[in-house]
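K.L.:
In the working numbering, the protein residues as written are 6 to 182.
My structure is below; once you've seen it, I'll send some questions.
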Amino acid sequence: KGDRRRRPTPMLHPDTNEPFTGISCEVLTLDSGKSTIHYITYENGLRNGREIVTNCSGYIRLQAYWKNNRLNGPRFMRYNSGLYREKSVWISYDPKSPSRLIEISIWKENGQRCPQSGVDEQGNGQKLFYHGDGRVSMIDFFTNHLHSGTLFFEEDGSFDKGWIGRDSRKFYHIECL
């Protein structure tokens, strides 16, 4: 369990309420009826080490590395087909600052690489998320290697909300003229 008012949020042992050290294992059943297993390594209540998400057969869908609750190192995600969905590299210099995106590649579910996703040397760019049929579902924007905003798309491809800055609780309704 964690306290959302503090950042980074420490993982506390449910019985002792002390910062947790060890591997957390969580099994989730998705709406589709399939299950996923989520492993995260903690040290003194903070994510430190490897995170892995698998299906029940052990197929790795996500792997990431953490340092003081911040992404730090390579991260990848795969579709059920085995094709890559995302490969990225993150750096965390300071536990009080967000992780910085250094490089990213995104693929659609059909294996086609997304030419619009990426960051330049200054860390400016974007990351597109796709529905299975290839339509864009969401775009994350990055400025100076930091996540700076998100646009959420409706099923029909239109959008009417997003957020800017580091506070995802503040949504802005967007009107296109």
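Beta carbons are placed, not taken as given, at the ideal position from N, Cα and C, and that holds for glycine.
What you are looking at is a predicted structure, and each value in this text was computed from that prediction instead of being measured.
Among N77, N49, M82 and S40, whose alpha-carbon lies nearest the alpha-carbon of S219?
P.N.:
The structure shown does not extend to residue 219, since the chain is modelled only from 6 to 182, so the question has no answer here.
K.L.:
Can the beta-carbon of G78 be found less than 8 Å from the beta-carbon of Y47?
P.N.:
Taking the sequence shown and counting its residues from 1, the one referred to as residue 78 is at position 73. Taking the sequence shown and counting its residues from 1, the one referred to as residue 47 is at position 42. Taking 8 Å as the Cβ cut-off, G78 and Y47 do not qualify as a contacting pair.
K.L.:
Given S163, which residues of its chain have a CB within under 7 Å of its CB, disregarding the five upstream and five downstream residues?
P.N.:
Stepping through the sequence shown from its first residue, residue 163 is reached at position 158. Excluding sequence neighbours, S163 sits near nothing in its chain.
K.L.:
Against chain B, with Cβ distances strictly below 8 Å, would R83 count as a contact?
P.N.:
The displayed structure is made up of one protein chain only, and chain B is not part of it.
K.L.:
With burial defined as no fewer than 16 other Cβ atoms inside 10 Å of the residue's Cβ, what is the status of T21: buried or exposed?
P.N.:
Residue numbering aside, residue 21 sits at position 16 when the sequence shown is read from its first letter. The residue in question, T21, is exposed, as its Cβ has fewer than 16 Cβ neighbours within 10 Å.
K.L.:
W112 to S93, Cα distance in whole Å?
P.N.:
Residue mapping note: residue 112 aligns to position 107 of the sequence shown, counting from 1. Residue mapping note: residue 93 aligns to position 88 of the sequence shown, counting from 1. Whole-angstrom Cα-Cα distance: 12 Å.
K.L.:
Is the distance from the Cβ of P100 to the Cβ of L151 below 8 Å?
P.N.:
Here residue 100 is taken as the residue at index 95 of the sequence shown, counted from 1. Here residue 151 is taken as the residue at index 146 of the sequence shown, counted from 1. No, the pair does not count as a contact, with Cβ atoms beyond the cut-off.
K.L.:
Measure the C-alpha to C-alpha separation of Q131 and D125 and round it to an integer number of angstroms.
P.N.:
Translated into the one-based positions of the sequence shown, residue 131 becomes position 126. Translated into the one-based positions of the sequence shown, residue 125 becomes position 120. Spanning the two alpha carbons is a distance of roughly 10 Å.
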